[in-house]
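**Student:** Residue numbers (my numbering): 107 to 185. Even for Gly, the Cβ is constructed at its ideal location relative to N, Cα and C. Computed from a prediction, not measured in an experiment: that's the story for all the values here. Before I ask anything, let me first share the structure, which is written out below as structure tokens.
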């Protein structure tokens, strides 16, 4: 994973929590392993697996819902 990729995503997560949001979540296609790895590097955890949820390139695909909580984010930043 390129360091600049994490650098590009981290401000979005930090900004959301600066607005005092309790939870940030996202959906990502299960096949998108690079993105899943990136989100995990930022502290996101899988919350659910949605079967055939979106239609991409002529077929229905599964997606993962991933989340990070505000308190967990700030705890991990202070280590």
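To the nearest angstrom, how far is it from the Cα of residue 125 to the Cα of residue 118?
**Tutor:** Taking the first residue of the chain shown as position 1, residue 125 is located at position 19. Taking the first residue of the chain shown as position 1, residue 118 is located at position 12. Their Cα atoms are separated by approximately 11 Å.
**Student:** Can you name the start and end residues of the beta strand (DSSP E) that residue 128 belongs to?
**Tutor:** As a working mapping, residue 128 is identified with position 22 in the chain shown. Residue 128 -> no beta strand (DSSP E), and no H or E assigned at all.
**Student:** Please state whether DSSP places residue 119 in a helix, a strand or coil.
**Tutor:** As a working note, residue 119 is residue 13 in the chain shown. It is helical.
**Student:** What does a CB cutoff of less than 8 Å around residue 167 pick up in its chain, not counting 5 residues either side in sequence?
**Tutor:** Position 61 of the chain shown, counting from 1, holds the residue named residue 167. Closer than 8 Å at the Cβ level, and outside the excluded window around residue 167, lie 135, 136, 137, 158, 159, 160 and 161.
**Student:** What does a CB cutoff of less than 7 Å around residue 152 pick up in its chain, not counting 5 residues either side in sequence?
**Tutor:** Taking the first residue of the chain shown as position 1, residue 152 is located at position 46. So the list reads 170 and 172, once near-sequence residues are dropped.
**Student:** Can you grab the Cα-Cα spacing for the pair residue 140 / residue 147, in whole Å?
**Tutor:** Counted from its first residue, the chain shown places residue 140 at position 34. Counted from its first residue, the chain shown places residue 147 at position 41. Spanning the two alpha carbons is a distance of roughly 11 Å.
**Student:** According to the neighbour-count rule (16 or more other Cβ atoms, all chains shown, within 10 Å of its Cβ), is residue 150 buried or exposed?
**Tutor:** Numbered from 1 along the chain shown, position 44 holds the residue referred to as residue 150. Under this definition residue 150 is a buried residue.
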